[in-house]
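Residues in the sequence shown are numbered from 51 upward in steps of one, following the working numbering. Note that the Cβ used here is the ideal one computed from N, Cα and C, for glycine as well.
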Amino acid sequence: MRIFKNSWFTRFARKEKISDEVLREAVQRAENSQVDADLGGGVIKQRIARPGQGKSKGYRAIILLRRGEEAFFVYGFAKGD
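This is the structure we're talking about:
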């Protein structure tokens with residue numbers, strides 16, 4: 051599985067201190083059919099834990115997913131936004 055981030059998401063993850071390991075875990079959960087929201091056409095919304103806290107108070111990421119092949123992180127936001 052290849053995982054990519056667009057430039058906007060890279061800046062967002064750096065600013066919010068979201069590690070690549072956390073992003074890999076989010077993709078792994080999606081690969082194991084633990085998707086938080088399937089928006090159709092390979093687009094999913096996945097919860098990402100805030101460092102030191104749980105997923106419920108964390109971030110949401112929009113991922114373009116082709117199972118077993120590629121995942122593209124394209125947008126992220128805090129739950130309150």
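CB of residue i within 9 Å of CB of residue j, strictly
i: G126; j: I98; result: yes
i: R52; j: A121; result: yes
Per-residue burial, residue i [other beta carbons within 10 Å of its own, 16 or more giving buried]
i: K67; result: exposed
i: K129; result: exposed
Same chain only: Cβ atoms within 6 Å of residue i, ignoring 5 sequence neighbours per side
i: V77; result: I53 and A121
i: A111; result: Q96, I98, F123 and G126
Beta-bridge pairing of residue i - partner residues as DSSP gives them
i: L114; result: V93 and F122
i: F40; result: The chain is shown only over 51 to 131; residue 40 falls outside these bounds and no answer can be derived.
Residues near residue i by beta carbon distance below 8 Å, same chain, minus five either side
i: V93; result: I112, I113, L114 and L115
Residues near residue i in its chain [Cβ-Cβ closer than 7 Å; skip 5 each side]
i: F59; result: F123, V124, Y125 and G126
i: D70; result: none
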